[in-house]
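Quick note on numbering: the sequence shown equals residues 2 to 406 in the working numbering. Reading through the structure tokens given below for one structure.
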Amino acid sequence: MTAVAIAEASREARRTALILAASQAIIGSAGPIAISMGGLAGHYLLGSDKSLATAPITGFTVGVALGALPAAAIIRWLGQRDGFMTGTIVTALGGLIATLALFQASFWLFTFGLLVIGIGGAFVQQFRFAAADNAPAEFKARAISFVLAGGIVTAILGPQIVIFTRELFAPVMFAGSFASILALSAVGAAILSFLRIPAKTMGKAEIADRDARPLSEIVTRPRFVAALFCAVGSYALMSFVMTGAPLAMVGCGLSTDDATLGISWHVMAMFAPSFFTGSLIYRFGAERIVATGLVLLIGCAVVALSGLALWQFWTALILLGLGWNFGFIGATAMVADCYRPSEKAKVQGFHDFVLFGSVAFASLMSGAVYNAWGWEMLNWIIFPVTVLCFVALGVLKMTARPTSG
2 MTAVAIAEAS REARRTALIL AASQAIIGSA GPIAISMGGL AGHYLLGSDK SLATAPITGF
62 TVGVALGALP AAAIIRWLGQ RDGFMTGTIV TALGGLIATL ALFQASFWLF TFGLLVIGIG
122 GAFVQQFRFA AADNAPAEFK ARAISFVLAG GIVTAILGPQ IVIFTRELFA PVMFAGSFAS
182 ILALSAVGAA ILSFLRIPAK TMGKAEIADR DARPLSEIVT RPRFVAALFC AVGSYALMSF
242 VMTGAPLAMV GCGLSTDDAT LGISWHVMAM FAPSFFTGSL IYRFGAERIV ATGLVLLIGC
302 AVVALSGLAL WQFWTALILL GLGWNFGFIG ATAMVADCYR PSEKAKVQGF HDFVLFGSVA
362 FASLMSGAVY NAWGWEMLNW IIFPVTVLCF VALGVLKMTA RPTSG
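As structure tokens, this is what we get:
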């Protein structure tokens, strides 16, 4: 490949990553809306027994898990651009169902609506892989970071939409927030229409590499196992603590706006480091960045257990977001090293199915643990999980070997 061709490939990779980042910023705002308002809206819709208040958030994360394999298959069938645009339709449908459920005061229909929003979110989760797949090797980690950096806008946009629209259809609370997801989906689809990824992404590398290995062979390699373990640990812990945080804050006498802004700071911390996380991975290696993320998660637990003041909630949520960023992006970069181009759809789908299935379980358990043992227990659980992730990284280091397919 000539220098001119390499430069052109890098420019196109940056363009693709920026478009995906912009789409992530808009469509991804449905996630913070679902997360910050799902538990409170569930609490609002339930009767005297509030133990299932976080079930709608669980519905959202279950949707992401259930949508992982179908989303990967649809994207492979239609191509990345058309597949992603299909995802925006699914997200809009979920927003419509959730809005109608609030007008009908139907808790379980609302939960189903968030599940559909989650299925749409499974397509958004594929953005990071698309950026990496269409980038030169030296730009892959930074391409992933570029896409996730779109979450900075998400961190601001989602909670602000909640604050300004939750009483739009008063006395039906929160309906305006979920109705806004339809507009976000339309704008996101318009941005995605500018992608120049071929309709069918069967590139030369895939044509030349049809001898794809069995999935069982790929997912049992030490590097993939460690990467998946750390991705699950980072993401599940983040979901586990974040899901219970708004309930804990309101339960401690803080306002709904305090809880919403806490989630805003948290989501900002999740994505703001993405501008440089890829460069850090390129310089220091994915494993060290993942380990740094685990240390930050431990810091979240320490701060959260130190008291119940507003600043302690917000600081803990910020550390939780930073830990997720380093842990999850680092683990994603590790996964991207584990498969050949012809294997990407099945490996990415399997990875996200396991990942978001675990996250769904974590969000469901969050409500149960919070109601049974309180905010402190949510944070104590961080310690054993991070220790297990460190063990997985240690085992990988002892068995390290070249990972290229």
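Every residue, glycine too, gets a C-beta built ideally from N, C-alpha and C.
Whole-angstrom C-beta distance between residue j and residue i, which should lie under 8 Å
i       : j       : result
Leu-281 : Ile-290 : 6 Å
Phe-124 : Ala-72  : 5 Å
Gly-234 : Leu-116 : So it is not a contact: roughly 24 Å between Cβ atoms.
Ala-22  : Ala-150 : 6 Å
Ala-237 : Ala-363 : 4 Å
Thr-261 : Val-163 : 6 Å
Arg-214 : Glu-344 : 6 Å
Ala-393 : Cys-253 : Ala-393 to Cys-253, Cβ: 35 Å. No contact.
Thr-400 : Pro-223 : 5 Å
Asn-380 : Leu-306 : 5 Å
Test item: CB-CB of residue i and residue j under 8 Å
i       : j       : result
Gly-119 : Gly-60  : yes
Ser-37  : Thr-155 : no
Ile-20  : Ile-192 : yes
Leu-229 : Val-355 : yes
Asn-326 : Ser-265 : no
Ala-106 : Leu-46  : yes
Gln-127 : Ile-76  : yes
Leu-255 : Leu-311 : yes
Gly-368 : Ala-54  : yes
Gly-375 : Phe-314 : no
Gly-448 : Gly-324 : In the structure displayed, the chain extends from 2 to 406; residue 448 sits before or after that span and is not available.
Ala-410 : Val-173 : The structure shown does not extend to residue 410, since the chain is modelled only from 2 to 406, so the question has no answer here.
Ile-198 : Arg-82  : yes
Arg-129 : Thr-333 : yes
Met-378 : Gly-322 : no
Pro-247 : Leu-79  : no
Val-336 : His-352 : yes
Spatially closest choice to residue i from the options, by CA coordinates
i       : options                            : result
Leu-110 : Ala-56, Val-360, Ala-190           : Ala-56
Ala-373 : Phe-391, Arg-214, Asp-134, Gly-245 : Gly-245
Leu-103 : Gln-349, Phe-179, Lys-345          : Phe-179
Glu-13  : Lys-141, Phe-113, Gln-127          : Lys-141
Gly-84  : Met-239, Gly-151, Thr-293, Leu-196 : Leu-196
Ala-132 : Ala-363, Ala-10, Leu-379           : Ala-10
Gly-43  : Gly-375, Val-396, Leu-379, Leu-365 : Leu-365
Phe-357 : Asp-50, Arg-16, Pro-33, Val-65     : Val-65
Gly-189 : Arg-15, Ile-28, Phe-329            : Ile-28
Asp-338 : Val-163, Phe-225, Met-86           : Phe-225
Ala-93  : Gly-121, Phe-108, Gly-80           : Gly-121
Ala-69  : Ile-382, Thr-293, Val-296, Gln-349 : Gln-349
Ile-361 : Ser-240, Glu-218, Trp-376          : The sequence as given places Ala at residue 361; Ile does not occur at that position. The candidate whose alpha carbon is nearest that of Ala-361 is Ser-240.
Tyr-283 : Ile-330, Leu-41, Leu-67, Leu-318   : Ile-330
Ile-383 : Ala-302, Met-271, Gly-95           : Ala-302
Leu-397 : His-267, Pro-247, Leu-158, Ala-292 : Ala-292
Phe-113 : Arg-167, Asp-134, Ile-58           : Ile-58
Phe-391 : Ile-182, Gly-328, Pro-160, Phe-165 : Gly-328
Leu-97  : Ile-182, Phe-277, Gly-286          : Ile-182
Leu-158 : Ile-34, Gly-395, Val-304, Ala-287  : Ile-34
Asp-50  : Phe-108, Leu-79, Arg-16            : Phe-108
Ala-317 : Met-243, Ala-273, Met-86, Ala-74   : Met-243
Asp-259 : Val-304, Val-296, Pro-342, Gln-161 : Gln-161
Phe-175 : Gly-286, Gly-39, Thr-387           : Gly-39
Ala-346 : Ser-194, Gly-395, Thr-87, Ala-74   : Ala-74
Collapsed DSSP secondary structure at residue i in the structure displayed
i       : result
Ala-213 : coil
Gly-80  : coil
Thr-257 : helix
Asn-135 : coil
Ala-106 : coil
Ala-206 : Only weak support exists for where Ala-206 lies, its pLDDT of 45 falling under 50; the value from the coordinates is given anyway. Ala-206 falls in the helix class under three-state DSSP.
Val-173 : coil
Ser-52  : coil
Pro-247 : helix
Thr-387 : helix
Glu-218 : helix
Glu-377 : helix
Tyr-283 : helix
Tyr-371 : helix
Pro-274 : coil
Gly-151 : coil
Leu-183 : helix
Leu-116 : helix
Glu-168 : coil
Ile-90  : helix
Phe-195 : coil
Cys-301 : helix
Gln-127 : coil
Asp-338 : coil
Ala-66  : helix
Ser-265 : helix
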